[in-house]
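J.:
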Amino acid sequence: MASNSSGGGSSDRQRIAQQRLRIIAGHLQGRVDGDSTILAAECKAQGSQTDVSSEEKKTVPRRRQEIMKWNGWGYSDTKFLFNKKGQAEFTGKRYRLSGMIMPALKEWFEGTFGASMQHKSLATPVLTSSAVQPPILNEAFEEELKSTGIPSSHDAEDRVYRAHGHCLNEIFALREGKVGRVPDMVVWPNCHKDVVEIVELACKHDVCLIPYGGGTSVSSALECPPEETRSIVSVDTSQMNRILWIDEKNLTARVEAGIVGQDLERLLNESGYCTGHEPDSMEFSSLGGWVATRASGMKKNIYGNIEDLVIHVKMVTPQGVIEKSCQGPRMSTGPDIHHFIMGSEGTLGVVTEVTMKIRPMPEYQKYGSVVFPNFEQGVACLREVAKQRCAPASIRLMDNEQFKFGHALKPQVSSLFTSFLDGLKKFYITKFKGFDPDRLCVATLLFEGDREKVLQHEKQVYDIAAKFGGLAAGEDNGQRGYMLTFVIAYLRDLGMDYYVIGESFETSVPWDRVLDICRNVKARITHECKGKGVQFQPLSTCRVTQTYDAGACVYFYFAFNYRGLSDPVHVYEQVERAAREEILANGGSLSHHHGVGKLRKEWMRETISNVGMGMLKSVKDYVDPKNIFGNRNLL
Amino acid sequence: MASIAVYSHRDPMLKKRDDFEDILEERRNSSDLRYALRCYAPVLYKGVAPCKSGMLKSMVLQSDQLHYVINQLSKETGRTTADVQVQASAILEEMAHCLQLSTVRFFAFTLCKVFKTLFRSICVNEEGIQRLQQAIQEHPVVLLPSHRSYMDFLLMSYILFTYDLSLPVIAAGMDFMGMKFIGEMLRMSGAFFIRRSFGGDKLYWTLFSEYVKTMLKNGYAPVEFFLEGTRSRTSKSLTPKLGLLNIVMDPFLKGEVFDVHVVPVSISYERILEETLYARELLGIPKPKESTSGLFKARKVLSEDYGSIHVYFGQPVSVRSLSEGKVNRCQFNQQPRHIPRRTGEDINSFVNDSAYRLVRAQEENMVLAPWVLLASLLLQNHHQNQTQGMAVDELTAQAVWLRDVSRQYGAFLHWPEHIPPSEVVSSSLSLHRGLVRICEGRVQLAVEPAGAPAGPGEPHSSVTQEEELLSRAVTVLSCASYRNQALHIFVRPALLASAIHTASSCQKQEVFNSFSFLRNMFSNEFILCPGATVQDFEEACYLLGKTGALQVTQQEVLVTEGGHRTLAFLSNMLDPFLQGYQVVCRFLCEEVTETLTEKLFIPAVRKFIIKHLLEGRLRYTEVLSSDLQKNSLAALLRIGAVRKVQGVEQATLKVNRVMVNSLEDTLGGKLPTQKAVVARL
Ligand SMILES: Cc1cc2nc3c(=O)[nH]c(=O)nc-3n(C[C@H](O)[C@H](O)[C@H](O)COP(=O)(O)OP(=O)(O)OC[C@H]3O[C@@H](n4cnc5c(N)ncnc54)[C@H](O)[C@@H]3O)c2cc1C
């Protein structure tokens, strides 16, 4: 529908704004309603009788499994599959790509992984409750909790659902119907006060609490420590999802921490505002989760990362509530206590309310893309853009493999989804200009702001790109790239149906090491796969997703066909571990935004030094001496 | 004693080696010109185009590293950066190679002719070539040939050209530059030149290392250099030099390349062109300066038969896997990589260990001719009964025995199986007829001037005793250099044999202490990997046990009935070195005054040794080798028995007499090894 969206004009502008809104909010089935949710509401959890009608407006119900997969990514009604004709198809109605056929995907999939339609590895369809350990009950705690009226559950499905994030090993085990240690109980606080009560009771009765936001963790942060003998209670914040107030004078909003990204944006958009914080997981990840993991959004160049967006945080700890006394935009009052909270990964307490910066919705948005003859030139261009501090809202550079992958996801008929190369006159790039299709790479761009400035900005960026041999490659390609962000997460489940497992991981690295780290980590993955007996060439690719003054964020994707391996997850973990070692050896950080969790804990000491560890430990010891928040992340 | 099981060594005999192919054979049957002019299209690293030398130079001149150092120098000295820049360009000009295919073709053509007259065959393991070809495509490659002759690097390039492989860029010593024309020719065939010493010259060092790294990182050409630094005059491998190895490993350690593959190459000459030249040099008869005319004088060399050359391209070694668990690459994350920094201890010891491993890898694939065994036997015989020599039959029988022993120790012996041993022996003797005399069915070293006086034109009478001794020594040292080719096979068992000999009992710990002492003493003399005492001991025990010479139990090391012969042979092999070190000790105790400068050490010790030899107090003429003298001094310095005191002009040697004395006695078996100084087994 927007194949010629470069037309300009105010109707155009509106249309783009709407379209953008729809991309973000469009997963909801027309449940956009009035301003009823934006009110400084009282805590709703006082009676067990909850307001059903307002419950319905939320994306995330208490029984998440009603709309979401229990053993894969995203909504139950949405998935990739190869249909009877062997064509890849994306089911459901939620996304722009939903219901479409991607004819090139099968060939790419088979060619890249050596996978075959004949060799399937389907998931166990339903969870057998016998696989789930009976809960360890703390009766005194439950007794008192009941009297507060806060809803809770011992249901096996509810518990299993909160026992994992989206690491490969977690999902792989679920697909095989294997369940380890799971929470013994799930509670759904409705507001800050509920949380205070829960934490008090937990301290009193020595119960282990694990905060649960959107469950999108990719660091094994939600995994229950198998050695935990106390009763584990998962504190699901999803029902704390209201915007408490909007302050238009200061452009801030007070929001409950359980709200998920898409609801937050949708509700703010209704009032003409946005936070601009858009992690790729924003459909499901929560504000509290972002704070707890130091999340980063795609458009951080304009809006900032979570640490730039947060003005005030309230967190309930075993020692009481921690918060600042005012909403001042910056303070010199010793080390910033927010920085103990941000990145605490649920080890210190539950974040309940956050004041965030908001911005008026952008007047104008424009996508774009640039093709470079090779990755080196692309990186050089991004570096220059960062140097001139003119990065668009988002700029991402895909390597050649990802460029091809994006090509393979091209749907069959749609003006928007014209072939990447067709739209650009294929031969112009590959032949005429001497671009080698096996080396070229593409950067996708997103500009935001008022129209004049966007157009000016756009020109500046394209001029820089030209200096590095980059050719503007149209808006469609850019837009398609960004739209795929939400869809790509579903692809892993398809791979897993055909013996292909994979994962992505990220790092941040100084500019002068970007190329080296990309090359070496990709090569290391291939090298390790070979050494560990993987029979097929792995997919090992990367992209530069964020630029900073002093460096960049790099994302790696890696996947392989595990046929012939007796313990694929173990092999996978070894390779991922080696890749992380390689990242560290090449000057990359342990994590740019995914966090440490339990997956990357082993490298914490070398990352932050002995003294650093000691500092964090002493904070933990003071705040939570009984290790009530016992998920054992980080330290 | 429980550590025995920890080290499991591979049986060296089971080592699999590739077959050889004679590359001269085809040259004898088809046109050399066509060969030299044929299409040459080598595979390249990830398909990169080889870069012109001008481009390479400008990359080096534009590198961050160089800029940093230039700025620093300019700040330190007050010179303008432009000025330093000019100097940098000049240095680079002097250093850089300038590979030209036409010159390569010229060499290919000429060398064909030369090689065909000099050598019977040049044998190359083709599987090694294939492995190399593979490696070149996947990773930056460093070629590390052994260095026994001037011939080595021309030979290497010749072989690579023959197999259509990328021609290497070779680090060559500046001394070649003395020969103007040849120097430039070599430059055009891929050599680049480095000054021998540029210790503190930061600018030079930076240019040099950037030059090498730029080639490596971009994969333009394999880099070739000699790990031993210089030609070994003794045919023993030399203690590796670390400078260049450090440089080529650096891009990997800093993450600038995924990996670097290092390929040890073993070049074995059946007869070394420089044979007597080396012996003279070791004896202190001054070295002729390398000059073009000097090289042409070597033309008479062309009329002789030098047998075969074997070139074995070893398994490429991945620096990445070598370094696994040994270095922490994160240390380079704390500051920009172009700013020079002191290398960490872990890196120094990693490079050192790797260097030893690589030299051992070279040694392992050195092809030994039967003559090497004959030379060993003849030398021992020579020292036992100076005059009569050995009956040829006896020599043959012993050679066959030694052949079998050395094979069991893993020697890569080229002993033609289809020919009766007597013929193998006689043809070996005839190839080396300058070194042996056969008379009435008996063989001995040709130490007496064969009928004619030592030097033509010189009146016989003027030959002093000393001159006669030296001329005998030339033959002995030449012979010893062949024996030395086999030393890497025997050194560990020989150290054990000597240790058993000197140990006060056959208690294993006792023997190990002696072994460890000797090994430590000789670690400047032979290639013994640092810190591998226990492994070496285990290996020696294993080999001698396997061949039935020893019975090794938990507690004891016992020589078997049949083992005495082997053990005697082995200790005899080491004996010249043992005696030599003792004499040097004695010299230091008896003769050294306060003022012996380092420079005067060699002439003084030589004089002392000559005296001993002439007085009949010392058997082994080969102790006259300056190599042995230098090595023993280095060992004593390392151990701390001698100290270097930096004087106003020169360093003088300060001897700890008590210590040197006791070392001498321990070497002579008169004092038990001090337990405290050696590790427990
Ligand atoms: C497909 C996909 C894309 C992703 N893209 C991005 C991205 O672009 N940028 C990015 O930063 N991350 C991304 N992530 C990672 C993940 O979404 C983030 O870490 C996110 O912040 C987690 O939020 P959540 O609400 O899902 O938290 P959860 O997964 O539920 O929890 C994560 C951790 O935070 C703790 N926690 C959660 N809520 C609270 C609370 N209220 N108080 C205290 N502790 C709490 C939990 O105990 C746990 O330790 C992605 C993940 C996936 C699967």
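Line order of the protein sequences matches chains A and B.
All residue numbers for the first sequence refer to the UniProt record's numbering, where the first residue is 1 and numbers rise by one.
All residue numbers for the second sequence refer to the UniProt record's numbering, where the first residue is 1 and numbers rise by one.
Ideal Cβ positions, reconstructed from N, Cα and C, are used throughout, including at glycine.
1. So which of A:Asn633, A:Leu634, A:Leu635 and A:Phe629 has the shortest CA-CA distance to A:Cys203?
2. B:Met249 and B:Val319 - do their beta-carbons sit closer together than 9 Å?
3. When you measure from the CB of A:Val260 to every non-hydrogen atom of ligand 1, does any distance come out below 8 Å?
4. Do we get a CB-CB distance below 9 Å when we pair B:Cys589 with the residues of chain A?
5. Using a 10 Å radius around the Cβ and a threshold of 16 neighbouring Cβ atoms, would you call B:Val658 buried or exposed?
6. What does B:Glu256 reach in chain A if we use C-beta pairs closer than 8 Å?
7. Comparing C-alpha positions only, which one of B:Phe119, B:Glu525 and B:Ser53 sits nearest to B:Ile272?
8. In its own chain, which residues sit with a C-beta less than 6 Å from the C-beta of residue 683 of chain B, not counting the 5 before and 5 after it?
9. Is B:Cys330 close to chain A? Criterion is C-beta to C-beta, closer than 9 Å.
10. Decide if A:Asn631 is buried, meaning its Cβ has at least 16 other Cβ atoms within 10 Å, or exposed.
11. Which residues, in chain order, does the region 583-597 of chain A contribute to contact with chain B at a C-beta distance below 9 Å?
12. Going by beta-carbon coordinates alone, are B:Ala221 and B:Ser166 separated by less than 9 Å?
13. Return the CA-CA distance between A:Gln497 and A:Leu81, expressed in angstroms with no decimal places.
14. Can you grab the Cα-Cα spacing for the pair A:Met100 / A:Lys120, in whole Å?
15. Please tell me whether, using a cut-off of 8 Å, the distance from the CB of A:Asn138 to the nearest non-hydrogen atom of ligand 1 is below it.
16. Any C-beta of chain A sitting closer than 9 Å to the C-beta of B:Asn333?
17. Mapping DSSP to helix, strand and coil, what is A:Asn241?
18. A:Ser394: beta carbon under 8 Å from a heavy atom of ligand 1?
19. By Cβ distance, which residues of its chain are closer than 8 Å to A:Val132, with the 5 residues on each side in sequence left out?
20. With H, G and I counted as helix, E and B as strand and the rest as coil, what does DSSP make of B:Ala454?
21. At least one CB of chain A closer than 9 Å to the CB of B:Pro336: is that the case?
22. In chain order, what residues of the same chain have a beta carbon less than 6 Å from the beta carbon of B:Val447, not counting five sequence neighbours either side?
23. Quick check: the region 253-260 of chain A against the region 340-356 of chain A, are at least 3 beta-carbon pairs closer than 8 Å?
24. Is the distance from the Cβ of B:Ser266 to the Cβ of B:Glu364 below 9 Å?
25. Would you mind listing the beta strand (DSSP E) stretches within the region 183-229 of chain B that are 3+ residues and don't spill past its ends, in chain order?
26. Measure the C-alpha to C-alpha separation of B:Ile419 and B:Arg148 and round it to an integer number of angstroms.
27. When you measure from the CB of A:Glu345 to every non-hydrogen atom of ligand 3, does any distance come out below 8 Å?
28. What did DSSP end up calling A:Ser76 once you bin it into helix, strand or coil?
29. Just the Cα atoms here: how many angstroms apart are B:His488 and B:Gln130?
30. Cβ of B:Asp353 less than 9 Å from any chain A Cβ?
31. Taking only the alpha-carbon atoms, compute the straight-line gap between B:Lys15 and B:Ala361 and give it to the nearest angstrom.
32. At 7 Å on the CB atoms, spell out the chain B contacts of A:Arg519, in chain order.
33. Output the residue ranges of the alpha helix (DSSP H) runs that lie fully inside the region 277-324 of chain A and measure 4 residues or longer, sorted by chain position.
34. Between the Cα of A:Gly449 and those of A:Ser231, A:Asn301, A:Pro125 and A:Val186, spot the shortest distance and give me the residue it belongs to.
35. B:Ile23 to B:Ser121, Cα distance in whole Å?
36. Mapping the DSSP letters down to three states, classify B:Arg606 as helix, strand or coil.
T.: Let me lay it out:
1. When C-alpha distances from A:Cys203 are compared across A:Asn633, A:Leu634, A:Leu635 and A:Phe629, the shortest belongs to A:Phe629.
2. With contacts defined by Cβ atoms closer than 9 Å, B:Val319 and B:Met249 form a contacting pair.
3. A:Val260: yes, Cβ under 8 Å from ligand 1.
4. Interface annotation, B:Cys589: not in contact with chain A, CB-CB separation never under 9 Å.
5. With fewer than 16 other Cβ atoms within 10 Å, it is exposed.
6. Within chain A, the C-beta atoms nearer than 8 Å to that of B:Glu256 come from Asp516, in chain order.
7. For the residues B:Phe119, B:Glu525 and B:Ser53, the minimum Cα distance to B:Ile272 belongs to B:Phe119.
8. What the structure shows of chain B is the stretch from 1 to 681, and residue 683 of chain B is not part of that stretch, so it cannot be assessed.
9. At a cut-off of 9 Å between beta-carbon atoms, B:Cys330 makes contact with chain A.
10. Flag for A:Asn631 reads buried.
11. Residues are counted here when their Cβ sits less than 9 Å from a Cβ of chain B; for the region 583-597 of chain A these are Leu584, Ala585, Asn586, Gly587 and Gly588, given in chain order.
12. The answer is yes: Cβ separation under 9 Å.
13. Note that residue 497 of chain A corresponds to Asp in the displayed sequence, not to Gln. If you draw a straight line from the Cα of A:Asp497 to the Cα of A:Leu81, it comes to about 9 Å.
14. Spanning the two alpha carbons is a distance of roughly 22 Å.
15. Distances taken from the Cβ of A:Asn138 to the heavy atoms of ligand 1 include none shorter than 8 Å.
16. B:Asn333 counts as touching chain A.
17. Assigned with DSSP and collapsed to three states, A:Asn241 falls in coil, not helix or strand.
18. Remark: the C-beta of A:Ser394 is outside contact range of ligand 1, defined as less than 8 Å to any heavy atom.
19. Short of 8 Å from the beta carbon of A:Val132, and not among the five residues preceding or following it, lie these beta carbons of its own chain, in chain order: Ala156, Arg159, Val160, Val179 and Val182.
20. Annotation note: pLDDT 40 at B:Ala454 (below 50); position unreliable, no value reported.
21. Under the 9 Å criterion on CB atoms, B:Pro336 is classed as interfacial with respect to chain A.
22. Shown here for B:Val447: same chain residues with a beta carbon closer than 6 Å to its own, the five before and five after excluded, namely Arg472 and Thr475 in chain order.
23. The answer is yes - the region 253-260 of chain A touches the region 340-356 of chain A, with three or more Cβ pairs under 8 Å.
24. Contact: yes.
25. Runs found: 191-194.
26. Those two C-alpha atoms are separated by around 29 Å.
27. Only ligand 1 can be found as ligands here, which leaves ligand 3 out of the picture.
28. Looking at A:Ser76 - three-state DSSP - the assignment turns out to be coil, as it is neither helix nor strand.
29. Rounded to whole angstroms, the separation of the alpha carbons of B:Gln130 and B:His488 is 27 Å.
30. It does not: the Cβ of B:Asp353 has no partner Cβ on chain A nearer than 9 Å.
31. Taking the CA atoms as reference points, B:Lys15 sits about 12 Å from B:Ala361.
32. When 7 Å is used as the limit between beta carbons, A:Arg519 is near these residues of chain B: Phe258, in chain order.
33. The region 277-324 of chain A contains these whole alpha helix (DSSP H) runs: 287-293, 300-303 and 306-309.
34. Nearest C-alpha to A:Gly449: A:Asn301.
35. For B:Ile23 and B:Ser121, the distance between alpha carbons rounds to 7 Å.
36. Reduced to three states, the DSSP call for B:Arg606 is helix.
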